[in-house]
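Asker: Each residue of the sequence shown is one higher than the one before, counting from 417 in our numbering.
Cβ atoms here follow ideal geometry from the backbone N, Cα and C, with glycine treated the same way.
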Amino acid sequence: MTAGRRIARVLAILSAAVLVLTGCATTDDGPLVDDAVAEELRPFYEQTLDWAACGDDAQCADLTVPLDWDDPQGETITVAVTRHRAAHGTGRALVMNPGGPGAPALDYVRDAQYRDYFFGDALQDAFDLVSIDPRGVHGESSAVRCYDAQQMDHYLYDLPQHARGTAEYRAEADADAKAFGAACQSNTGALLEHVDTVSVARDLDALRAVLGQSTLDYLGYSYGTRIGAVFADLFPQRVGSFVLDGAVDPSLSAEDMAVEQTEGFAQAARSYLDSCVAQRACPFTGTTDEAEQQLADLVAGLDAHPLTASDGRRLGSATMLTAISAALYARTQWSTLSQALTDVRDGDPTGAMALADSYYARDADGTYEDNSTEVLTAVNCIDLPTDQTEVGVQRLDERLREAGGVFGELSADGTPMCDQWPVAATGSPHRISATGSGPIMVIGTTGDPATPYAWAQSLADQLDEGFLVTNVGEGHTAYRATASTCVTDAVERFLVDGTRPEEGLRCS
417 MTAGRRIARV LAILSAAVLV LTGCATTDDG PLVDDAVAEE LRPFYEQTLD
467 WAACGDDAQC ADLTVPLDWD DPQGETITVA VTRHRAAHGT GRALVMNPGG
517 PGAPALDYVR DAQYRDYFFG DALQDAFDLV SIDPRGVHGE SSAVRCYDAQ
567 QMDHYLYDLP QHARGTAEYR AEADADAKAF GAACQSNTGA LLEHVDTVSV
617 ARDLDALRAV LGQSTLDYLG YSYGTRIGAV FADLFPQRVG SFVLDGAVDP
667 SLSAEDMAVE QTEGFAQAAR SYLDSCVAQR ACPFTGTTDE AEQQLADLVA
717 GLDAHPLTAS DGRRLGSATM LTAISAALYA RTQWSTLSQA LTDVRDGDPT
767 GAMALADSYY ARDADGTYED NSTEVLTAVN CIDLPTDQTE VGVQRLDERL
817 REAGGVFGEL SADGTPMCDQ WPVAATGSPH RISATGSGPI MVIGTTGDPA
867 TPYAWAQSLA DQLDEGFLVT NVGEGHTAYR ATASTCVTDA VERFLVDGTR
917 PEEGLRCS
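(1) Helix, strand or coil for Cys600, going by three-state DSSP, please let me know.
(2) Roughly how many angstroms lie between the CA atoms of Thr492 and Thr783, to the nearest whole one?
(3) Excluding five sequence neighbours on each side, which residues of the same chain lie with their C-beta closer than 7 angstroms to the C-beta of Leu744?
(4) Looking at the secondary structure, which residues open and close the alpha helix (DSSP H) in which Arg686 lies?
(5) Check whether the region 785–798 touches the region 839–851, counting contact only when three or more Cβ pairs, one atom from each stretch, lie closer than 8 angstroms.
(6) Are the beta-carbon atoms of Leu635 and Leu911 separated by less than 8 angstroms?
(7) Among residues of its own chain, excluding the 5 on either side of Leu875, which ones have a beta-carbon nearer than 8 angstroms to its beta-carbon?
(8) Please name the residue or residues paired with Gln709 in a DSSP beta bridge.
(9) Is Tyr895 near Ala625, with beta carbons less than 8 angstroms apart?
(10) Do three or more CB pairs link the region 770–784 to the region 726–745 at distances below 8 angstroms?
(11) For Ser669, which of Arg458, Gly808, Ser924 has the nearest alpha-carbon?
(12) Under the rule that 16 or more other beta-carbon atoms within 10 Å means buried, what is Thr898, buried or exposed?
(13) Whole angstroms are fine: how far does the CA of Phe647 sit from the CA of Cys923?
(14) Would Thr851 and Asp880 be called neighbours here (beta carbons separated by less than 8 angstroms)?
(15) What's the gap between the Cα of Ala428 and the Cα of Ala452?
(16) Per DSSP, what kind of secondary structure is Cys562 in: helix, strand or coil?
(17) Out of Arg747, Ala794, Tyr776, point me to the one whose CA is closest to Asp786's CA.
(18) Assign Ala521 to one of two classes, buried (16 or more other C-beta atoms within 10 Å of its C-beta) or exposed (fewer than that).
(19) May I have the straight-line CA-CA distance separating Thr582 from Pro576, to the nearest angstrom?
(20) Taking Leu826 and Val885 to be in contact with their CB atoms under 8 angstroms, please state how far apart those CB atoms are, rounded to whole angstroms.
(21) Please determine, among Leu731, Ala606, Thr802, the residue with the shortest C-alpha to C-alpha distance to Met833.
(22) Note down the Cα distance separating Asp487 from Val614, rounded to an integer number of angstroms.
(23) Based on the DSSP secondary-structure assignment, which residues constitute the bridge partners of Val546?
(24) Here's the rule: buried if 16 or more other CB atoms are within 10 angstroms of the residue's CB, otherwise exposed. What is Gly490?
(25) Is DSSP giving Arg916 helix, strand or coil here?
(26) Report the three-state DSSP secondary structure of Asp905 (helix, strand or coil).
(27) Taking just the CA atoms, how far does Thr893 sit from Gly536?
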């Protein structure tokens, strides 16, 4: 899953999400620790953050948490926190994290341009904005580390040496995945076993107390909704007003999530093609079905005839699929996608490589902005078990092909993300009711490719205090990702003063 930062990268690179956690009552009077906190955990809940000026009128600090919450007397790590004080606020805090899993959060509060883009005036006026990088994302003691930039280029962009669908192709993919996992384990150490979402949620509860909040208000995007749901499951009495936008369904298995997300991207591609064939600038002709076949042929043809970029990297079908995925996160990028596909048809991979680079947070100089690709794998693989038997892999391939379109066909035959991962999963899919929590708004966008609308419907149904807001449109997430004042008003009124929208609200 990906978050708002991924959309922002595409916009920044080609044109010019997000998890937000919110605090009920942030004060400078010190931590707020209730009697339910165990004695051995109190040092983490009672710590005082040492704020220092950073960024654009912001403050930064480090929060100390146990490496293993079940062993609080053992090793500790620090996670980075930043905040921007409200000009006219009352000490309430809105804690922000960009989801991913793996996207860094600090820039969304520390950088004024990001802050203004992702937070409406109503939230900036009412709240101290606070963000926290989840364990694994950044920091000397808490970052997942796998490959250097050159190694990441080879891992993400190198073309396979064998034909898709052959035993040799699968063996090559297995070997690449195994080498990547081994590097992550060697370079990260014990932390790799403790980047699970339950640990992240427990870090957030410590932050809640340190900020002086009795309950946590929360606005989470994409993977951030998983963090929010897990927090609500663990600490229902500490849930304030939650908004979960672009929801993940916690009851789904890893296989079901992969298949349904593939279906989501396949449907988003058809929506793009519906729009594309009606325009003169479209690289495809005929009906939507005919255009879909032309797209599939164009992408598949890159396996036999890859295009070489100016820096020597080659554009094959997998990287092209990543480029298409990046553009489908926001309808505003459809014209950019059309131009990139036109250029690829004409032998120029520049635009497609830029889209893929934006997805992977790769800069033009060959460096990577963050470790989001590594963290995404580490978190997903520890959160959800996968069926790694030959029967399980074959079943997944069949289901992916049935998902349809270019995404279904080209997603099959590879190695499942966690098939060679060195750390065993500790989580499991289950329904979450969060009995005893405060109200939880779940937002689903009908054309969301990354977190399909059905996931939002399911999560809202699972939660005892959940209610659904529907955004009718295309793209990933809704608040501040679309021009809908309906969504904006509903979210901001709910968070600022607790006003619930009308039942069954649909926005467009």
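Answerer: The relevant details are as follows:
(1) Three-state DSSP puts Cys600 in a helix.
(2) The straight-line gap from Cα to Cα measures roughly 29 angstroms.
(3) Cβ neighbours of Leu744 within its own chain (closer than 7 angstroms, five residues either side excluded): Phe681, Ala684, Ala685, Tyr688, Pro865.
(4) Per DSSP, Arg686 belongs to the alpha helix (DSSP H) from 670–692.
(5) Yes, the region 785–798 touches the region 839–851.
(6) A distance below 8 angstroms separates the beta carbons of Leu635 and Leu911.
(7) Contacts found: Thr641, Ala645, Leu660, Ala663, Val664, Asp665, Pro666, Ile848, Val858, Gly882.
(8) For Gln709, DSSP records no beta bridge to any residue.
(9) Their beta carbons are not under 8 angstroms apart, which means Tyr895 does not touch Ala625 by this criterion.
(10) Using a Cβ-Cβ distance cut-off of 8 angstroms, the region 770–784 and the region 726–745 are in contact, since at least three pairs of beta carbons, one from each stretch, lie closer than that value.
(11) Comparing alpha-carbon positions, the option among Arg458, Gly808, Ser924 lying closest to Ser669 turns out to be Gly808.
(12) With 16 or more Cβ atoms within 10 Å of its Cβ, Thr898 is classed as buried.
(13) Their backbone Cα atoms lie some 27 angstroms apart in a straight line.
(14) Less than 8 angstroms separates the beta-carbon of Thr851 from that of Asp880.
(15) Bear in mind that the predicted position of Ala428 carries a pLDDT of just 36, short of 50, making it too unreliable to give a figure here.
(16) Cys562 sits in coil when the DSSP states are folded into three classes, being neither helix nor strand.
(17) Minimum Cα distance to Asp786 is reached at Tyr776.
(18) When all chains shown are included, Ala521 counts as buried.
(19) Distance between the alpha carbons of Thr582 and Pro576 is about 11 angstroms.
(20) About 34 angstroms; that fails the 8 angstroms criterion.
(21) Among Leu731, Ala606, Thr802, the Cα nearest to that of Met833 belongs to Thr802.
(22) If I take the Cα positions, the gap works out to 14 angstroms.
(23) The beta-bridge partner set that DSSP reports for Val546 consists of Arg499, Val511.
(24) Taking all protein chains shown into account, Gly490 has fewer than 16 neighbouring C-beta atoms within 10 Å of its C-beta and is therefore exposed.
(25) Reduced to three states, the DSSP call for Arg916 is coil.
(26) Helix at Asp905.
(27) CA-to-CA, the gap between Gly536 and Thr893 works out to about 15 angstroms.
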